[in-house]
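Heads up: the sequence shown is residues 261 to 567, going by this note's numbering. Please read the structure below before turning to the comments.
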Amino acid sequence: MEAEFEARIARGDTIEPKDWMPERYRKQLIRMMSQHAHSEVVGMLPEGNWITRAPSLRRKLSLLAKVQDEAGHGLYIYCGTETLGTSREELIDQLLAGTAKYSSIFNYPTLTWADMGAIGWLVDGAAIVNQTMLAKASYGPYARAMIRICKEENFHKRQGYEIMATLSAGTPAQQEMAQDALNRWWWPSLMMFGPSDKDSPNSAELLRWKVKQKGNDELRQRFINLTVPQASAIGLTIPDPVMKQDEKTGDWIPGPIDWDEFHQVITGNGPCNKERLAARNQAHAEGAWVREAAAAYAAKHHQRTAA
Ligand code: BYC
């Protein structure tokens, strides 16, 4: 069975929920998809924080729609994880208990309105680069979820970039706010792609099983190359004084990434880890009545249909 599975992967077949798969493949997918679903859900917090303070009705509507999309993304991916035999409740319990990972990026604070621009442009921009590849992942339900998610992320990125472009073309104080947001979000955005390939314990296996199509470093580089000209087009400066362009490849080579900071953040010691978990736990507790009502309604509906 193992040999047949490997042959299917090598042929580029898509693996579906009822197909035989090695336990390790299942485990790796649950790990990665749960981390991803939690990121979407926790990712609502930094932006949700600004909905009531958006500077115009138009901005408020876009931000509301974006944050709502992130909830939807979380739900698709939790459903995808259920096809592997792990319930959403189980995963959410792990998130609330602080034993599950979610993207490092959401442990940074959103200090000004420009952060809404920087998140849409950089964070969703990085997510698009990563997830366009995952849309070709070997596990069908995950790959299919990514197709719709990427379409929505494109809208998110544009609304963020438009906020940055507007601020950059504004008063000196607005320009400064946009540059300050870029300064604070640039390096954490690069960390979203995960550790360098040589320090990435999961990459080799995930690449072999075609869950990942590209390594962490290649995707990070792709994101940098896309973003550097976007920054200069709106008059912003990438906060990396040693970055330079490789003449042969055209790649923009960044200075060193602070991996100590990354490890601090993913082990629970980032600037907002505790605040994010507390907010999720509070929201979950306050939503208990909704879950109870939905379950009671479903039971009543089930009884009626049975009768
Ligand atoms: N943050 O062996 P590695 C969004 C962990 S949300 C935290 O390279 P892998 C949005 C990694 O889990 C979209 N942890 O791992 C939402 C592993 O630890 P464990 C977020 C990280 O899986 C709202 C260890 O480090 N996107 O777009 O091969 C508003 C070693 O790493 C991170 C996804 O979740 C990190 N940045 O590769 C706006 C994408 N990086 O699990 C926007 C899906 C690494 O062994 N995930 N770790 O304890 C992936 O593509 C891959 O899991 C990663 C890591 C590239 C992130």
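All C-beta atoms, glycine included, are put in the ideal place defined by N, C-alpha and C.
When C-alpha distances from A438 are compared across D477, A378, A405, N476, the shortest belongs to A378.
G332 and A297 have their C-alpha atoms some 10 angstroms from each other.
Counting only runs that start and end inside the stretch 406-461, the alpha helix (DSSP H) elements of at least 4 residues fall at 432-451.
The residue from I269, L442, A566 with its alpha-carbon nearest to that of L382 is L442.
DSSP lists Y399 as the bridge partner or partners of I275.
Between S398 and I290, the gap from beta carbon to beta carbon reaches 7 angstroms or more. Look at S299: its beta carbon is less than 6 angstroms from one of the heavy atoms in the ligand BYC. Of the candidates E264, L317, L496, H562, L496 places its Cα closest to the Cα of Y421. Selection N462, A386, V327, I275 evaluated against R482 yields A386 as nearest (Cα-Cα). Contact check between the stretch 424-440 and the stretch 500-519: fewer than three CB pairs, one atom from each, fall below 8 angstroms, which does not count as touching. Where V302 is concerned, the enclosing alpha helix (DSSP H) starts and stops at 283-302. If you draw a 10 Å sphere on the C-beta of G510, you find fewer than 16 other C-beta atoms in it, and that means exposed. Counting C-beta pairs closer than 8 angstroms gives three or more between the stretch 443-451 and the stretch 345-365, which meets the contact rule.
The stretch 281-289 makes no contact with the stretch 315-329; the number of CB pairs closer than 8 angstroms stays below 3. Contact between S463 and G475 holds: their C-beta atoms lie close to 6 angstroms from each other, under 8 angstroms.
Nearest to R444 by C-alpha distance, out of E307, A374, Y402, G272, is A374. The Cβ atoms of F522 and R480 do not sit closer than 7 angstroms to each other.
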